[in-house]
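**Student:** By the UniProt record's numbering, the letter at position 4 of the sequence shown is numbered 4, and the numbering carries on one by one without gaps.
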Amino acid sequence: MASGKNRIVRRGNPDDAFAALHVCEDGTLLGAAAINDPHTVRAARRIQERKKRVDPALLADPTTNLRRLAR
1 MASGKNRIVR
11 RGNPDDAFAA
21 LHVCEDGTLL
31 GAAAINDPHT
41 VRAARRIQER
51 KKRVDPALLA
61 DPTTNLRRLA
71 R
């Protein structure tokens with residue numbers, strides 16, 4: 001459930017491919033939006049559907065493989 005302690009995590013470079021991920025205080029993903037980064041949106045959707053809890057620092061790190069986190 002959304003609350004005041006949720007945060008927006010930014011991933012990537014706004015000049016290239018960029019995503020914003022809305023993370024709940026418990027680490028679950030509430031939503032994602034991206035520009036030129038469909039892979040992140042697909043992986044985020046899987047993470048969200050599976051109700052995975054993810055460290056926001058991992059989401060922000062563009063070297064993190066989000067598909068692996070979704071498993």
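Beta carbons are placed, not taken as given, at the ideal position from N, Cα and C, and that holds for glycine.
By the three-class DSSP mapping on this structure, what secondary structure does Val54 have?
**Tutor:** Taking the sequence shown and counting its residues from 1, the one referred to as residue 54 is at position 54. DSSP places Val54 in coil when its eight states are reduced to three.
**Student:** Could you please give me the residues that DSSP links to His39 through a beta bridge?
**Tutor:** Numbered from its first residue, the sequence shown carries residue 39 at position 39. DSSP output for His39 lists no bridge partner at all.
**Student:** Could you work out which residue in Arg50, Arg68, His39 is closest to Ala17 when comparing CA atoms only?
**Tutor:** Walking along the sequence shown from the start, residue 17 turns up at place 17. Out of Arg50, Arg68, His39, His39 has the C-alpha closest to the C-alpha of Ala17.
**Student:** What does the Cβ neighbour count give for Asp15, buried or exposed, with the cut at 16 atoms within 10 Å?
**Tutor:** Locating residue 15 in the sequence shown gives position 15, counting from the first residue. Flag for Asp15 reads exposed.
**Student:** Just to confirm the assignment, what range does the alpha helix (DSSP H) spanning Arg68 have?
**Tutor:** Counted from its first residue, the sequence shown places residue 68 at position 68. Arg68 -> alpha helix (DSSP H) spans 66–69.
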